[in-house]
Amino acid sequence: MKKVLTLGLAAVMAVTLLAGCGGNNKEAGASGGGSPSASAGQPSDAGGKKRLAIIFKNTGNPYGEKQMEGFKKAVEENGDEAILKAPDQPTAEAQIQMIEELISQKVDAIAIAANDPDALQPALQKAMNAGIKVISLDSAVNAQSRITHVNQADPERIGRTLIQGVSEMIGGEGEIAILSATSQATNQNTWIEWMKKELEDPKYANIKLVKVAYGDDLRDKSVSETEALLKSYPNLKAIIAPTTVGIAAAGKVLTDKGLKDKVKLTGLGLPSEMAEYIESGVCPWMYLWNPIDVGYLAGYTAEALVKGEITGAVGEKFTAGTLGEKEIVADGDGTQVMLGDPFKFDSGNIAEWKEVY
Amino acid sequence: MKQKMFADAALAVGTGQGAATKTTISAKFAKFRELGLLAVIVLICIGVQIRNPSFLTWENINDIAANTAILSILSVGMMLVIITRGIDLSIGATLALSGMIAALTVKAHPGLHPLAALLLGFAVGLACGIVIGFLVAKVGILPIIATLGMMNVFRGLTYEASGGKWVSAHQMPDSFKQIATGSLLGINNLIVIAVVIYAVAYYFVSHTRTGRQVYAVGSNPESAEISGIKTKRILWLVYTIMGGLTGLAGVLWVSKFASAQGDTASGYELSVIAACVLGGVSIAGGSGKISGIILGAVLLGILNNALPMINVSPFWQNWIQGMIILAAVVFNALVKRGIDRNNLMRRKI
Amino acid sequence: MEPRVLTSKKPLTLKGFFLQWEWMLVLLFIAVIVMNVNLSDYFWDYNNLRDATMSFLDKAFIVLPMVFIIILADIDISVGSIVALSSVIMADLYAHGVPMELALIVCLAVGTLCGYINGLLIVKFKELSSVIVTLSTMIIYRGIAYILLKDQSVGKFPKWFNYLGWGYVGSIPFILIAFAVFAVLFGILLHKTTFGRKVYAIGSNPTASRYSGVQVDRIKIIVFTLAGLMSAVTALFLTSRMGSTRPNIATGYELDVIAMVVLGGISTAGGKGRMIGAILAVFLIGYLRYGLGLINISAQTLLIVIGLLLIFAVSVPKLKWKGTGAKGKAV
């Protein structure tokens, strides 16, 4: 008898536990700053409100939170509903699962910052066959998996600008090294390719790229890799870190070792993370685009597609809220919308930006 | 698993109870094993030094020690857990949670004394450890499952606490960052803290009654229970210690890297377990020495530092580390076999 | 102490029948379905329920042999890496002009070999627990995948390969049918053959089994080899789902798989548990994730829910033992 009672109690507990969780989510969705909005029980056709979804690479990444915030802002300006999702691990498998969930919910558009350019192709094609408008932003998926791509900045411009910046910092000669994210990060690899191309220019004859190190976007690994660079190349003049985790880790190492006048640092970093090192002069300046604007532009692009204003073909134009008119341009065998040039952060403007993102 | 452990325990050399005749020989072999590990470390150092002369400089040695400090602090707790035949997969998540809460607190109250931040992180870790200890000791869930479940919970709580944001360098007061960058008598604070913890841990495991009881519980839980040791309390204690040390390490981590993220130290538990296994802590329970785990942690620390310095392709690093761990544990097993054979022969005579 | 006799030989009273863990899972499963139906309007829809299985069944193939491994009181944490390695080798061969059919067979062979190596190491070095052996091989197998493919991703498989992960037989997903077939096979192997009975015997008491003539080593090697083979099967389906592969796929699968097996009532102390429990757990966790995904719950909340569910699932039987005065001695 006792056994039956305990088991019965356990079952009741289980139901309450699950129901409790259900209740909690709704609260979390309403109160949490970056948590996805709960769209429970709202049929899709209610009042003709469209639903547009964004999937970022992983949760708990302030850069991604800002992109989702911008996306939400754009979608709400159009009077529609935004769904924000991000898996707990930055894997393509988790994103496929989320795409399936969104197909089931019959959303109108999906914008995705991809963890893998190719691996989402079958899932995204299934979404497009179901009539969902698919775009990528930030990290692109291949041209067959999307209608168009929202590019934060031209990879060529990023690569070339970084080399030009470094050349200016070190006076046009000396050894430089790159501290990247993982060895398979598509964005970083494209930028590094362009950096190498820019270095082929004879005016950089005295600049030598000695090594590309990979910090895997992990704090501890990025620190060890930076330390190894400094020791293996005692004459190192500058480090370029085109990744937010890497540049902050390198900034920390250079600060702790008091190498601020000997080794210069630049790259792509979050102003809030890098404010300390830009103000102290370890990193004279760095670049980044505004992630809120990337999300915002993606929101307007998705809206334009859903409303039928554009089809994703080269030459089409649409108005992207406060960003003004944008044009779709060619990108390899696909198309893309360009946000603009990367923004330069230096000691003059970092104070105001560090509070923003 | 219990039965298997009985079998293993029968094979295992009792560092704990009732193996008086064996201790002299096994001690010799254990020492030999550690000498072997030391020899491996020396060989790697020499090899790397030839390839890159800046390896054995004072500065680099200091860097290795500082980078290894957090790993070695965690190894102490993990050793105690493994000695009791347990395992703790949740420490990466516990580390992130306590680090995040400490960082959020110093962000809100920049005037807070760094010691208070350390204590706060320690307390959060302790609380996590108490919960796991309760689940393992009182409810009787297997450690691997209890810590696997709580790993998810703690990691989720970290994201919830931070609201998806990071705490960055400029939001932390200098006093907090100096916990990890400051030094005492020219030695980095992290190293000092690690050394203190090692000293205390050494005293605890070899000179206190409770410390010896940890080994007894690991060697043979049934006989430990019969001989009046409160096994459940010991189990609870080791997970609490593990949690407390992890909390401390969390604050040190955040202070060292001047950044607290939701995914801090994700997967770090595997490095810690690897350090223990390399250091000769037997997963079957009951054996493990402080001197061993120091060497294990140092070996891992040197690998992390040396592989980038001798330009090993990042694609090979995984494989090399895995092979070294496998070689170390197989070597371990073979040595143990040697001891056992030796013991049997002794008995025949 | 809970009797360690073979579950299938327990006298089956009516009360005993309903007290089984599997009924608890059925109740939980119903609770999840009821909750999901209340939370989202999109859940109770044949197409959605059907397609959801396609996104969580890939790793379920590893659950089947993992049940055997955990009944043996062992564990295998290298399965995720085996998935990656066999998938990478298959894709690499195809990219170098090997016909896809052959590459597919090689994929299965590679997985089988990896599993065999695990089993061999565990049997040859009895002092080492399976945790440590598979921890090392986990790092090594993925390491080899990285050495082979570096930062590349390889794809562009023939069209028919897409069918594995995305195709339907009639209106039923192919992957679901494949899983059902394998589940039945493994269920029969565990519950209806002498092999299965020996697995239970070893899990309950390896020493006694060895003395009573059970070839413990051989059975362990077979079971770990099966785990390797099924990891390769997962690799096939996952690669087909993704249309391409790279060395970091299937990271963390081992923990998901172990969580499902444990939730299915297979005791990590060895010797206990049934196949049906694990299969129920696969669908329970799968639909729980899917349902919460439909209301776009945040990833962190999902982590907490799954973690608590796991703890809850393993605590309940322990509390039950205590209630009846039996001593749940777990180490």
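Just so you know, the sequences run in chain order X, E and S. Under my numbering, read the first sequence as residues 1 to 357, first letter to last. Under my numbering, read the second sequence as residues 1001 to 1349, first letter to last. Under my numbering, read the third sequence as residues 2001 to 2331, first letter to last. Cβ atoms here follow ideal geometry from the backbone N, Cα and C, with glycine treated the same way. Computed from a prediction, not measured in an experiment: that's the story for all the values here.
- For the stretch 1282-1306 of chain E, the set of residues with a beta-carbon nearer than 9 Å to any beta-carbon of chain S comprises S1282, I1283, A1284, G1285, in chain order.
- At a cut-off of 8 Å, the C-beta of E/D1263 has a neighbouring C-beta in chain X.
- C-alpha of S/C2114 to C-alpha of E/F1176: approximately 48 Å in a straight line.
- Annotation: S/S2040 to S/I2295 spans about 6 Å, alpha carbon to alpha carbon.
- Against chain X, the beta carbon of S/R2246 has neighbours under 9 Å at A92, D116, D118, A119, Q184, listed in chain order.
- The DSSP assignment places complete beta strand (DSSP E) segments of no fewer than 3 residues inside the stretch 110-181 of chain X at 133-137, 148-151, 174-180, in order along the chain.
- Of the residues assessed, E/E1059 falls on the exposed side of the cut-off, its CB having fewer than 16 other CB atoms within 10 angstroms.
- Positions of the alpha helix (DSSP H) runs, each at least 4 residues long and wholly inside the stretch 1156-1213 of chain E, are given as 1174-1181, 1189-1207 in order along the chain.
- By the neighbour-count criterion, in which 16 or more other beta carbons inside 10 Å mark a residue as buried, X/F345 falls on the buried side.
- Between the stretch 1158-1171 of chain E and the stretch 1262-1272 of chain E there are three or more C-beta pairs closer than 8 Å, enough to call the two in contact.
- Less than 8 Å separates the beta-carbon of S/I2139 from that of E/G1322.
- Below the 8 Å Cβ cutoff, chain X contributes D88 as neighbours of S/L2303, in chain order.
- In summary, E/L1056 is exposed, with fewer than 16 beta-carbon neighbours lying within 10 Å of its beta-carbon over all protein chains present.
- Within the stretch 2164-2175 of chain S, those residues whose Cβ lies closer than 8 Å to any Cβ of chain X are, in chain order, G2165, W2166.
- At least one CB of chain S lies nearer than 8 Å to the CB of E/G1156.
- If you check each beta-carbon in the stretch 186-200 of chain X against every beta-carbon of chain S, the ones closer than 8 Å belong to N189.
- Residue state for E/I1310 is assigned as coil, using DSSP reduced to three classes.
- DSSP places X/G64 in the uninterrupted alpha helix (DSSP H) bounded by 62-77.
- Scanning chain X for C-beta atoms nearer than 8 Å to the C-beta of S/L2294 yields E101, S104, Q105, reported in chain order.
- Judged by DSSP in its simplified three-state form, X/L84 adopts strand.
- When E/V1272, E/Q1171, E/K1336 are compared, the shortest CA-CA separation from X/E355 is found for E/Q1171.
- For S/A2259, the uninterrupted alpha helix (DSSP H) segment begins and ends at 2253-2263.
- In the displayed model, X/A330 falls within a strand according to three-state DSSP.
- A straight-line Cα-Cα distance of about 33 Å links X/D118 and S/L2280.
- Taking 8 Å as the cut-off, the beta carbon of E/I1197 is found no closer than this to the beta carbon of E/V1298.
- Counting along the chain, E/V1272 sits inside the alpha helix (DSSP H) bounded by residues 1268-1278.
- Under the 8 Å Cβ criterion, the stretch 1278-1292 of chain E counts as touching the stretch 1211-1219 of chain E, having at least three qualifying pairs.
- Proximity of X/T59 to chain E, defined by a Cβ-Cβ separation below 8 Å, is satisfied.
- Among the residues of chain S, those whose CB is under 8 Å from the CB of X/I96 are S2055, R2241, M2242, following chain order.
- C-alpha of S/P2173 to C-alpha of S/V2098: approximately 28 Å in a straight line.
- By the Cβ test, the stretch 81-95 of chain X is not in contact with the stretch 2266-2285 of chain S, since fewer than three Cβ pairs between them sit closer than 8 Å.
- Residue pairing for S/T2245: DSSP places it in a beta bridge opposite S/V2154.
- Assigned with DSSP and collapsed to three states, S/R2210 falls in helix.
- At a C-beta separation below 7 Å, S/G2143 has these neighbours in chain E: N1318, W1319, G1322.
- The stretch 262-322 of chain X is shown to contain whole beta strand (DSSP E) runs of 3 or more residues at 264-267, 285-288, 317-319, in chain order.
- For the 8 Å CB-CB criterion, S/E2022 and S/G2196 do not form a contact.
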